[in-house]
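Contents: one structure, followed by commentary.
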């Protein structure tokens, strides 16, 4: 009963955080699309797609690999501090590499080259995430700490957006406000660590930090591939199509992300529990519980697409509603792709299979994009249809891997260790 209560509490905290992830962008998006020109907003969307990759590089999958390590040493403070120090050193290396990559991309990509300060300032919030140590709090199942920091971080940036951003001339304030919010979140971390009796000590053991990087590489590959499903499309759109079309795509992807933000609390709270228990019955219960809700949500999204897109972006973005409807299969299949990923396959140490499924699905998408370019059929509609097909492929591959490894679960004949 106590364990069930803990799962419910962590799910509630993560649900609150992900509702905030959904609400804050939905508050600012209608405002920004109205005070910024479509070209300027398209540039903002494009820069964010680039920094998404940089954030993935800096994170490097530690939110999964290091979380698993924290779960295993949850009663050993010295071991926890060592993990924190090793991860921090590794992420500092990654941040340096990410900055170099951003400078090169800013010199090469036309949209970034047109707004170099916007690109470089957008790296500051990415760098500050080094000091949030989310993996520690996830591993210790202290989700309320993560949720509180996120609400403060995004709340500050959102409130000041309405006060300070009035036109295209204020676009540089967007990354600066994100930086201010991130800094406030970082300042909240240290009292939280103090209450846990933990201290941050940068590791001097380069080999240990390197070992952490190698262990996390499989998670990183999977996360990059899964994020590439949308971010890669945005990058290519910015090269091939207009910034206005990038803006349309950005509004659609923001709407999809808002719905998906409701999925991650379930998978995030299940992950540490599944690592401990390895019981497939928990996954079955989750499917039975949420399948009707996901179906109902997808139906509502289809019929309310016109109203929702215009509400989010204004009348100028009305053509994007058609694109959004082609993305609705993503809303359905992404829930199960997430559920069958790390909380299911990852919990039974099928890390390679989880990553391979993502890479295979990404390969399908890349081949599809090449086919569209080769045949001259590249368009927003075609990319949206391909994105939906890719999610179906990902979900299907993971289901096949689960079937192949079903006996690894504790309640299907496997070990609980």
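Residue numbers (our numbering): 2 to 418.
Cβ coordinates follow ideal geometry from the N, Cα and C atoms, glycine included.
Continuous alpha helix (DSSP H) stretch holding residue i: start and end
{"i": "residue 159", "result": "144-165"}
{"i": "residue 175", "result": "174-196"}
{"i": "residue 129", "result": "124-129"}
Three-state secondary structure (DSSP) of residue i
{"i": "residue 402", "result": "helix"}
{"i": "residue 204", "result": "coil"}
{"i": "residue 141", "result": "coil"}
{"i": "residue 376", "result": "helix"}
{"i": "residue 2", "result": "For residue 2, the predicted model reports a pLDDT of 46, less than 50, meaning its position is unreliable; a value from the coordinates is still stated below. The answer is coil: DSSP assigns residue 2 none of H, G, I, E or B."}
{"i": "residue 38", "result": "coil"}
{"i": "residue 61", "result": "coil"}
{"i": "residue 335", "result": "helix"}
{"i": "residue 320", "result": "coil"}
{"i": "residue 421", "result": "The structure shown does not extend to residue 421, since the chain is modelled only from 2 to 418, so the question has no answer here."}
{"i": "residue 341", "result": "coil"}
{"i": "residue 413", "result": "helix"}
{"i": "residue 216", "result": "helix"}
{"i": "residue 134", "result": "coil"}
{"i": "residue 408", "result": "helix"}
{"i": "residue 75", "result": "coil"}
{"i": "residue 20", "result": "helix"}
{"i": "residue 168", "result": "coil"}
{"i": "residue 87", "result": "helix"}
{"i": "residue 243", "result": "coil"}
{"i": "residue 1", "result": "Coverage of the chain is limited to positions 2 through 418, which leaves residue 1 absent and any answer about it impossible."}
{"i": "residue 28", "result": "helix"}
{"i": "residue 346", "result": "helix"}
{"i": "residue 253", "result": "helix"}
{"i": "residue 233", "result": "helix"}
{"i": "residue 55", "result": "helix"}
{"i": "residue 381", "result": "helix"}
{"i": "residue 351", "result": "coil"}
{"i": "residue 328", "result": "coil"}
Supposed close pair residue i, residue j - CB separation, criterion 8 Å
{"i": "residue 122", "j": "residue 176", "result": "4 Å"}
{"i": "residue 44", "j": "residue 119", "result": "7 Å"}
{"i": "residue 61", "j": "residue 199", "result": "With a Cβ gap of about 21 Å, residue 61 and residue 199 do not count as contacting."}
{"i": "residue 57", "j": "residue 225", "result": "5 Å"}
{"i": "residue 147", "j": "residue 182", "result": "Not a contact, Cβ separation roughly 15 Å."}
{"i": "residue 190", "j": "residue 124", "result": "Not quite, the Cβ-Cβ distance comes to about 20 Å (not below 8 Å), so this is no contact."}
{"i": "residue 265", "j": "residue 339", "result": "7 Å"}
{"i": "residue 321", "j": "residue 310", "result": "5 Å"}
{"i": "residue 334", "j": "residue 253", "result": "16 Å between Cβ atoms; not a contact."}
{"i": "residue 172", "j": "residue 47", "result": "Between residue 47 and residue 172 the Cβ distance is about 12 Å, and since that is not below 8 Å, they are no contact."}
{"i": "residue 313", "j": "residue 93", "result": "Wrong, their Cβ atoms sit about 37 Å apart, outside the cutoff."}
{"i": "residue 469", "j": "residue 85", "result": "An answer regarding residue 469 cannot be provided, because it is not within the stretch 2 to 418 covered by the chain."}
{"i": "residue 217", "j": "residue 66", "result": "4 Å"}
{"i": "residue 114", "j": "residue 108", "result": "6 Å"}
{"i": "residue 162", "j": "residue 129", "result": "Contact doesn't hold; Cβ gap of about 18 Å is too wide."}
Any C-beta of chain C under 8 Å from that of residue i
{"i": "residue 363", "result": "Going by chain labels, chain C is absent from the structure shown, which holds only one protein chain."}
When you compare the stretch 352-360 with the stretch 290-303, are there three or more beta-carbon pairs, one atom per stretch, that lie closer than 8 Å? no
Under 8 Å: do the stretch 138-157 and the stretch 70-90 share three or more Cβ pairs, one atom per stretch? yes
Alpha helix (DSSP H) runs contained entirely in the stretch 255-314, provided each spans 4 or more residues: 265-278, 281-304 and 306-314
Of all the alpha helix (DSSP H) runs that stay within the bounds of the stretch 89-122, which reach a length of 4 or more residues? 111-115 and 117-122
Three CB pairs or more closer than 8 Å across the stretch 200-215 and the stretch 20-34: no
For the stretch 321-332 and the stretch 380-398, state whether three or more C-beta atom pairs, one from each stretch, are separated by less than 8 Å. yes
Using a Cβ distance threshold of 8 Å, determine whether the stretch 357-375 contacts the stretch 275-288, with at least three qualifying pairs required. no
Mind the definition here: the stretch 30-37 touches the stretch 100-109 only if three or more C-beta pairs lie below 8 Å; say whether that holds. no
For the pair the stretch 342-349 and the stretch 269-281, tell me if three or more CB-CB distances fall below 8 Å. yes
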